[in-house]
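Structure first, then comments.
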Amino acid sequence: MNPGSLRGLLDISNATWALSERSVLQPMWDYLQQNHESTLRSPLFPVIISVSMYLVLVFFYTVLDLLAPTWPSIRRYQIHQDRTVTWSNIGSTLALTTYNHLLYIFPAAIAQWLWRPPVPLPREAPTLTAFLLGIVGCTVVFDFQYYLWHLLHHRVGWLYRTFHALHHQYRQTFSLVTQYLSAWELFSVGFWTTVDPLLLQCHCLTTWAFMLFNIWVSTEDHCGYDFPWAMHRLVPFGLWGGALRHDAHHQQPGTNFAPFFAHWDWLGGTATMPAPVKTKTPKERDEKEA
């Protein structure tokens, strides 16, 4: 085969791959635009899907928390098997979450809806590569921003007492602690989640996916469970922090500041490895409770 023919085959192969990449998400994007364009263009849409995602995840984990004391098949995955999430814990964290959303999140969303024009939608969907790299890129940038913010709010006493100490009232993590935050912290997280996709010039479909991914992994970090499908078990080489490391942060607040990845804590000397979860036998649990 001569070089010209080989180049021709490579060009055809590359063109076919690029076309197949575009076609992966395009049918779904066409359907969404044809059937839900007005909803997608609303400035309220990102808020609605984010809050809905959070409520679904919190409901799922809270049900597990309530069932765990009597269901060994659930309790065996709890990080702290000798502790129980009580109705009082649920009530206090849910009350603050509701307060923050009613007083800050929803008014800000309504103001944006009234003042901001409908969002223009591109006709083309992102390629699968651009979609995935956009989510990864936003996650990496957000992780660095929050690591610095988090470290600063632990090292400066006034910042910790004024804004971040509220989140550390609970040394035992459970899903509703995820947004047991001061308004300043809630707005900071929301600001970076919104701005980072703009900085990286992401497609709006990528932006929405990143928002949902961010909520998913943030809630998982606080869920209080070490499931086999958790992110830190799926990402190789110990690069992902996960629920165990973030629970260790609540136990030892001077460690594990990064929200997702583990490399900044390694580089900054703030990493700590949590103790492995030890599954207790029913006899051990009974002796502990007695």
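First residue of the sequence shown? That's 31 in the working numbering, and the numbers climb one at a time after it. Heads up, the beta-carbon is just placed ideally off N, CA and C, and yes, glycines get one too.
Buried versus exposed call for residue i [16 or more other C-beta atoms within 10 Å across all chains shown]
i	result
GLN231	exposed
SER248	buried
ARG275	buried
TYR177	buried
PHE89	exposed
TYR255	buried
TYR107	buried
THR192	exposed
GLN199	exposed
ASP251	buried
GLY271	buried
PRO289	buried
ASP112	exposed
THR224	exposed
ALA273	buried
Alpha-carbon to alpha-carbon, residue j and residue i
i	j	result
VAL170	HIS66	31 Å
GLY299	THR127	33 Å
THR157	PHE243	18 Å
SER103	ILE79	31 Å
ASP278	GLN202	Note on identity: in this sequence residue 278 is Ala, with Asp being the wrong assignment. If I take the Cα positions, the gap works out to 9 Å.
PRO148	VAL54	26 Å
THR100	MET241	34 Å
VAL119	HIS197	Checking the displayed sequence, the identity of residue 119 turns out to be Asn instead of Val. Each residue's alpha carbon lies about 13 Å from the other.
THR236	TRP59	11 Å
ARG153	TRP294	38 Å
GLU317	VAL93	Note on GLU317: pLDDT 47, under 50, position unreliable in the model; the coordinate value appears next. About 26 Å.
TRP188	VAL207	22 Å
HIS183	TYR190	5 Å
TRP145	ARG105	48 Å
LEU228	ALA160	14 Å
GLN63	ALA260	33 Å
ILE109	SER68	44 Å
THR116	PRO258	25 Å
ASN286	LEU162	26 Å
PHE291	GLN56	31 Å
Own chain residues within Cβ distance below 6 Å of residue i, not counting five before or after
i	result
TYR91	SER205, CYS253
HIS233	PRO156
LEU87	THR249
ALA301	ASP295
MET83	LEU242, ILE245
THR114	PRO99
SER212	PHE193, LEU196
Terminal residues of the alpha helix (DSSP H) in which residue i lies
i	result
PHE240	234-252
SER82	75-97
PHE136	136-145
THR203	First-last for THR203: undefined, no H or E at that position.
GLY164	158-185
PRO227	213-229
SER103	102-105
LEU133	Unbroken run through LEU133: none, as it is neither H nor E.
Same chain, Cβ closer than 8 Å to residue i, neighbours up to 5 away in sequence not counted
i	result
HIS131	VAL81
ASN44	Caution is warranted here: a pLDDT of 48 is assigned to ASN44, below 50, making its placement in the model unreliable, and the coordinate value is therefore given only provisionally. So no residue of the chain qualifies.
MET322	Since the displayed the chain opens at 31 and closes at 320, residue 322 lies outside it and no answer follows.
ILE135	VAL77, VAL81, LEU216, GLY220
TRP143	SER72, PRO73, LEU74
Rounded distance between the beta-carbons of residue j and residue i, thought under 8 Å
i	j	result
ALA239	ILE165	6 Å
LEU70	LEU151	6 Å
Any C-beta of chain B under 9 Å from that of residue i
i	result
PHE217	The question asks about chain B, but that chain is absent: this structure has only one protein chain.
Cutoff 7 Å; reference residue i; Cβ partners in own chain excluding five residues on either side
i	result
SER218	TRP179
THR123	LEU206, VAL207, TYR210
GLN281	ARG201
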